[in-house]
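Here the structure comes first, spelled out in structure tokens, and everything after it is commentary.
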Amino acid sequence: MSFSQFYPLLRHPRTGEPYIQLAAPYERIIITPPRREDVPHIVAILNSDPVKRWLDGLAFPYLECHGEDWVAQTKERSEAVLHELRVAEEEQPRGPFAAVSGCPVSCLRGMNDDGTDVYLGAIEFSRCNFPDVRDKAEQERLTSRNESRKTGDPEIVWCIGYYLNAVMHGQGVMTCALRTLMQTWVIPRMGACRARAETIIGNRGSIRVLEKLGFGIMDTVKIHKIEDDAVAASATGQ
213 MSFSQFYPLL
223 RHPRTGEPYI
233 QLAAPYERII
243 ITPPRREDVP
253 HIVAILNSDP
263 VKRWLDGLAF
273 PYLECHGEDW
283 VAQTKERSEA
293 VLHELRVAEE
303 EQPRGPFAAV
313 SGCPVSCLRG
323 MNDDGTDVYL
333 GAIEFSRCNF
343 PDVRDKAEQE
353 RLTSRNESRK
363 TGDPEIVWCI
373 GYYLNAVMHG
383 QGVMTCALRT
393 LMQTWVIPRM
403 GACRARAETI
413 IGNRGSIRVL
423 EKLGFGIMDT
433 VKIHKIEDDA
443 VAASATGQ
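Here's what the structure looks like:
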């Protein structure tokens with residue numbers, strides 16, 4: 213097989229998008245960049261009680277304009293990574309693999325027999341802004357240092373965010389999807405060595421996903437808000 217900087221991305225036969233396919237028994241699920249037509253599905257999922265109750269920091273109600281903004285921003289980041297890969301393909305056609313600034317695929321889709329697919333959820337990897345650090349000056353210092361690190365730097369701290377349609381909860385889908393992206397892209401292509409995630413206390417499903425991936429709870433932070441009191445747990449793995 214000839215070398216490609218795009219490996220292990222595949223090309224969607226219908227849309228031309230890059231995608232990563234999950235392994236059995238989830239082989240009918242793929243991960244692609246977002247599409248404009250995803251917006252109504254994103255809005256429905258993020259306004260459903262089994263999902264929104266465990267998400268912090270999102271607008272509620274989550275409106276189409278919010279979904280449109282997320283799709284536009286995420287597509288832009290995806291295109292930036294694909295551009296990096298095209299440049300690397302020209303400059304390093306025989307390798308080695310080039311480090312890139314992010315993951316070009318983020319949206320989980322269930323494939324139908326007729327070639328169409330259904331939007332299921334999303335996974336994001338972003339440079340951490342340390343939301344648990346309550347001292348604003350220290351948070352800004354840590355965030356600035358993290359943002360200043362060069363692509364591929366193993367000292368970059370990555371934050372993981374994800375959600376899944378409630379009908380798919382409890383089936384191991386998110387564990388498989390996260391493991392797949394981390395093993396095939398985030399670690400080998402982004403050079404990630406340090407990653408963390410935040411989850412609301414009581415969200416046993418999300419905590420189990422992270423524990424299966426080797427994460428452990430490092431700290432528990434009580435966050436007081438105007439609307440109510442929220443308690444967040446931070447899970448970190450490296």
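Taking this note's numbering, the leading residue of the sequence shown gets 213, the next gets one more, and so forth.
Each residue gets a CB set at the ideal place from its N, CA and C atoms; glycine is no exception.
Just so we're clear, the structure is a prediction, and the values are computed from it rather than from any experiment.
Given residue i as reference, the closest of the options once Cα atoms are compared
i, options, result
"Arg357", "Phe342, Val255, Leu297", "Phe342"
"Asp261", "Ala404, Ala378, Ile242, Cys319", "Ala378"
"Glu423", "Arg391, Ile399, Arg321", "Arg391"
"Glu336", "Pro316, Cys405, Asn324, Arg247", "Pro316"
"Leu425", "Arg416, Thr387, Cys405, Glu288", "Thr387"
"Gly269", "Glu410, Gly428, Leu297", "Glu410"
"Val369", "His381, Cys405, Met380", "Cys405"
"Ile254", "Glu296, Leu376, Gly384, Arg353", "Leu376"
"Asn259", "Gly333, Cys319, Glu301, Glu239", "Gly333"
"Ile413", "Glu239, Ala236, Pro237, Arg265", "Arg265"
"Leu384", "Pro237, Val293, Arg223", "Note that residue 384 is Gly in the sequence shown here, rather than Leu. Gly384 has its Cα closest to that of Pro237, out of Pro237, Val293, Arg223."
Secondary structure of residue i, DSSP reduced to three states
i, result
"Gly333", "strand"
"Arg420", "helix"
"Val317", "coil"
"Cys405", "coil"
"Gln351", "helix"
"Pro230", "strand"
"Gly382", "coil"
"Arg223", "strand"
"Leu270", "coil"
"Thr396", "helix"
"Arg346", "coil"
"Ile438", "With a pLDDT of 39 at Ile438, under the threshold of 50, the modelled position of this residue cannot be trusted; read the value that follows with caution. Coil, per DSSP."
"Asp326", "coil"
"Phe215", "coil"
"Ala310", "coil"
"Asp365", "coil"
"Pro237", "coil"
Boundaries of the alpha helix (DSSP H) in which residue i is found, first to last residue
i, result
"Arg391", "385–393"
"Pro262", "261–264"
"Thr286", "276–303"
Other residues of its chain near residue i: CB distance less than 7 angstroms, five sequence neighbours each side excluded
i, result
"Glu229", "Thr244, Pro245"
"Glu359", "Arg339"
Close Cβ partners of residue i (< 6 angstroms) along its chain, the five nearest in sequence each way excluded
i, result
"Gly403", "Ala311, Gly364, Pro366"
"Ala271", "His278"
"Arg401", "Val312"
"Gly327", "Arg226"
8 angstroms CB neighbourhood of residue i in its chain, flanking five on each side removed
i, result
"Ser214", "none"
"Gln304", "Gln217, Ala310"
"Pro220", "Ile232, Thr396, Trp397"
"Asp329", "Ile242, Arg321, Gly322, Met323"
"Val251", "Glu276, Gly279, Glu280, Val283"
Residues that residue i bridges to, as DSSP identifies them
i, result
"Ser338", "Cys371"
"Ile243", "Ile232, Leu320"
"Arg357", "Partner(s): none; Arg357 has no beta bridge."
"Leu376", "Gly333"
Test: residue i CB closer than 9 angstroms to a CB of chain D
i, result
"Ser214", "Among the chains of the structure shown, chain D does not appear; only one protein chain is present."
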